[in-house]
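In our numbering, the protein residues as written are 808 to 960. The C-beta atom is built at its ideal place from N, Cα and C for all residues, glycine as well. Only a predicted model underlies this, so the values are computations on that prediction, with no experimental measurement involved. What follows is a set of notes on a single structure, which appears directly below.
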Amino acid sequence: MPQEYQRVLVAIDGSKESDLAFKKAVQVAKRNKAALISLHVINDSDSVFSYGYAGIDLNQLIANETKESKEKLDTLLLYAKEQGVESVQSIIEFGNPKKLIAKTIPEKEKIDLIIVGATGLNAIERVLVGSVASYVITHAACDVLVVRDEISE
């Protein structure tokens with residue numbers, strides 16, 4: 808008997824692979840009649856957030872990033888509803904993406920499936936298997952589905 812999921816978490820970072828992960832999450836949530844929770848993490852270790860720069864208002868920068876993230880997630884959630892997913896939710900967090908995606912949010916939201924793109928926006932992650940995806944695979948207490956972009960031969 809196939810696994811049935813009740814609460815699906817999908818990590819969104821704006822990369823092509825996270826968009827593909829979202830589409831896969833919509834399919835899985837619809838098929839399982841599961842709740843779909845979309846998560847965007849504003850990485851607090853990015854140098855501009857960690858150290859700041861002269862002349863940059865960090866509060867304004869964070870507010871802008873949060874607003875852009877909310878607009879993106881709202882668009883995605885509308886798509887999910889149009890595709891027939893009944894229960895949709897979005898979360899925006901500021902912190903360590905690895906820990907928030909693998910542990911904190913899944914425990915808080917009682918997630919039973921996490922869906923991530925294989926790599927993110929970070930150039931180094933595109934060379935290797937994404938460090939966030941690798942961390943989630945090894946540290947999550949629930950099932951993890953990693954979505955890859957089409958591989959050209």
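Of the residues Asp826, Arg838, Ala842, Asp864, the one placed nearest Ile918, counting alpha carbons only: Here residue 918 refers to the residue found at position 111 of the sequence shown. Of the listed residues, the one whose Cα sits closest to Ile918 is Ala842.
Where Ala948 falls, given that 16 or more other Cβ within 10 Å makes a residue buried: Here residue 948 refers to the residue found at position 141 of the sequence shown. Exposed, by the Cβ-count rule.
Gln890 versus Lys906, Ala832, Pro913, residue with shortest Cα-Cα distance: What you label residue 890 is simply residue 83 of the sequence shown in a count that begins at 1. Of the candidates Lys906, Ala832, Pro913, the one whose C-alpha sits nearest the C-alpha of Gln890 is Ala832.
DSSP bridge partner residues for His847 (one or two, in chain order): Sequence index remark: in the sequence shown, residue 847 carries index 40 (1-based). BP columns for His847 point to Ile899.
When Thr873, Val895, Asp826, Gly902 are compared against Gln813, the one with the closest alpha-carbon: For the purposes of this step, residue 813 is taken as the residue at position 6 of the sequence shown. For Gln813, the nearest C-alpha among the options comes from Val895.
Ala887 beta carbon less than 8 Å from that of His946: Locating residue 946 in the sequence shown gives position 139, where the first residue counts as 1. Locating residue 887 in the sequence shown gives position 80, where the first residue counts as 1. Their beta carbons are not under 8 Å apart, which means His946 does not touch Ala887 by this criterion.
Helix, strand or coil at Val892 [DSSP, three-state]: For the purposes of this step, residue 892 is taken as the residue at position 85 of the sequence shown. Looking at Val892 - three-state DSSP - the assignment turns out to be coil, as it is neither helix nor strand.
Opening and closing residue of the alpha helix (DSSP H) in which Leu827 lies: Along the sequence shown, one-based indexing puts residue 827 at 20. Here the alpha helix (DSSP H) through Leu827 covers 823 to 839.
Cβ shell of Asn839 (< 8 Å), same chain only, five flanking positions each side left out: Position 32 of the sequence shown, counted from the start, is the residue given in the question as residue 839. Cβ-Cβ distances below 8 Å link Asn839 to Glu811, Tyr812, Gln813, Val815 in the same chain, with the five nearest sequence neighbours on each side left out; the list follows chain order.
Beta strand (DSSP E) segment containing Ile921, residue limits: In the sequence shown, residue 921 corresponds to position 114, counting from 1. Segment 920 to 924, the beta strand (DSSP E) holding Ile921.
Residue range of the beta strand (DSSP E) that includes Ala940: On the sequence shown, residue 940 is found 133 positions in, with the first residue counted as 1. Segment 938 to 946 is the alpha helix (DSSP H) holding Ala940; no beta strand (DSSP E) there.
Distance CB(Leu883)-CB(Ser852) smaller than 8 Å: As a first step, residue 883 is located in the sequence shown; it is residue number 76 there, counting from the start. As a first step, residue 852 is located in the sequence shown; it is residue number 45 there, counting from the start. No, the pair does not count as a contact, with Cβ atoms beyond the cut-off.
Helix, strand or coil at Asp950 [DSSP, three-state]: In the sequence shown, residue 950 corresponds to position 143, counting from 1. Asp950 falls in the strand class under three-state DSSP.
Near the ligand MG: Leu865 beta-carbon under 7 Å from a heavy atom: Within the structure as shown, the ligand MG is missing, as the structure has no ligands at all.
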